[in-house]
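A.B. asks:
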Amino acid sequence: MVLNLDTSLIREWDGYKARPFLISGPCSAETEEQVLETARELASLNRVSIFRAGIWKPRTRPNTFEGVGIPGLKWLRTVKKETGLPVATEVANEKHVYEALKYGIDMLWIGARTSVNPFTVQEIADALKGVDVMVFVKNPINPDIELWIGAIERVAKAGIKRLGAIHRGFSSYEKTTYRNQPNWQIPIELRRRIPDLPIICDPSHISGSREYLYEISQKAMDLNFDGLMIESHINPDKALSDASQQLTPNDLKELLSRLILRNASTTDPKLLDVLGELRQQIDIYDDHLIDLMEQRMKVSETIGLYKKENNITILQTVRWDEVVKKAMKKGLAKGLSAELIDNVFKAIHQESINCQMKVMNKGIENHNHTENK
Ligand code: PEP
Ligand code: MN
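Going left to right, the sequence shown walks through residues 14 to 386 as the working numbering numbers them.
1. Any heavy atom of the ligand PEP closer than 8 Å to the Cβ of I213?
2. Which residues have their C-beta within less than 5 Å of a heavy atom of the ligand MN, listed in chain order?
3. Identify the residues that DSSP records as bridge partners of I165: which are they?
4. Identify every run of the beta strand (DSSP E) within the stretch 85-154, keeping only runs that are complete inside it and at least 3 residues long; order them along the chain.
5. Per DSSP, what kind of secondary structure is R65 in: helix, strand or coil?
6. Is the Cβ-Cβ distance between S128 and V150 less than 9 Å?
7. Of all the beta strand (DSSP E) runs that stay within the bounds of the stretch 230-265, which reach a length of 3 or more residues?
8. With three or more C-beta pairs closer than 8 Å as the rule, is the stretch 84-99 touching the stretch 292-306?
9. Between the stretch 99-110 and the stretch 57-71, can you find at least three pairs of beta-carbon atoms closer than 8 Å?
10. Using 8 Å for Cβ pairs, my map puts A52 next to G67. What's the rounded Cβ distance?
11. Please list, in chain order, all residues of the same chain as K402 whose beta carbon is under 7 Å from its beta carbon, the five residues on each side excluded.
12. In whole angstroms, give me the CA-to-CA distance for L203 and V337.
13. Pick from D255, I325, G344 and K321: whose alpha carbon is nearest that of G376?
14. Let me check understanding here. Comparing Cα to Cα, which of A56, H109 and V110 lies closest to K94?
15. Closer than 8 Å is the cut-off here; do at least three beta carbon pairs connect the stretch 179-193 with the stretch 136-152?
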């Protein structure tokens with residue numbers, strides 16, 4: 014997909030002092046002192062490209078701290094004047110956009126709870142028409158890449174060229190290690206679909222706790238993300254929002270020092286040779302996988318016909334449970350991850366059901382009018 018983007022954002026930006034391109038600052042602006050002290054310490058690291066602070070906070074429950082509002086914009090303006098750092102905040106409606114622009118905010122980001130809503134994203138995009146400001150679109154809270162791309166397209170169509178995406182993970186009903194599931198395949202697919210779009214990772218909202226910030230950041234670097242957004246606070250434990258995931262500027266420095274930054278590509282002919290050969294092997298296996306899936310689905314179709322003739326339902330839970338258990342046992346014994354087996358087999362099962370549905374309902378008129386794409 015080709016969007017009219019200015020790729021100098023991040024990749025050739027002069028504010029990009031050293032890899033990774035880094036946005037940091039508190040989850041929320043709380044007091045002028047907290048904002049300024051955090052910004053001063055961050056500026057002294059000489060590694061931060063943009064200072065962030067949430068002014069309007071989307072909180073899950075009411076009666077919690079919902080941000081300081083407009084006074085915080087003045088503090089950000091002071092940060093910019095004092096430290097020279099460009100400043101960023103989250104916007105969730107057109108009023109936020111107008112106010113932030115009035116105070117000279119350099120970068121606006123659309124949060125995860127906003128990018129789910131095409132009406133709101135369009136309202137923000139309309140407010141951005143004709144404005145030259147940097148905009149980042151966080152992934153929607155649900156793992157829907159089309160929704161994410163749709164939000165990015167709306168902003169791009171408004172004429173925003175310095176545009177990027179932020180991967181902040183996806184919420185899930187299950188209690189898991191991380192606060193939000195990374196689902197790395199989604200930002201990887203976004204990169205494939207819009208190669209010119211810079212993508213930065215927000216390990217803070219993925220992790221939900223300081224403990225995992227490093228491993229998520231390293232993974233993002235290994236996947237060649239363009240940068241990171243990491244929350245920092247002069248006194249994280251006392252933070253009014255997201256206390257457990259914020260770092261002191263000093264701890265941020267320590268985290269950065271441990272990051273291993275690998276090369277995105279190589280021109281070394283020997284290395285390219287080895288890689289080329291290994292990639293050929295991968296291509297062969299991928300071809301096998303396609304052939305195998307084709308064969309498997311053909312059998313599914315035959316089963317579908319047989320079930321139709323004999324008036325049996327498609328879903329046979331007991332049989333399916335056996336299939337998954339058997340695959341899981343074998344896969345684990347071979348050193349494959351439970352996640353891989355689970356994902357692959359769920360996808361195959363779904364496709365099998367679709368195949369059988371088609372066979373079973375052939376000739377029956379389709380009354381399905383759901384259309385939400
Ligand atoms: C934030 O960056 O503080 C924030 C609210 O993020 P998200 O939209 O990813 O939850
Ligand atoms: Mn936060």
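Cβ coordinates follow ideal geometry from the N, Cα and C atoms, glycine included.
C.D. replies: Result, derived from the coordinates:
1. no
2. C40 and D255
3. Beta-bridge pairing links I165 to no other residue.
4. When DSSP assignments are scanned along the stretch 85-154, the uninterrupted stretches of beta strand (DSSP E) that are 3 or more residues long and fall wholly within it turn out to be 100-104, 120-123 and 147-151.
5. strand
6. yes
7. 240-244
8. Touching, no, given that fewer than three Cβ pairs across the two stretches are closer than 8 Å.
9. yes
10. A52 to G67, Cβ: 14 Å. No contact.
11. Outside the modelled stretch of the chain, which goes from 14 to 386, sits residue 402, for which no answer is possible.
12. 30 Å
13. Taking the Cα of G376 as reference, the smallest distance to any Cα among D255, I325, G344 and K321 is reached at K321.
14. Of A56, H109 and V110, the residue nearest in Cα terms is A56.
15. yes
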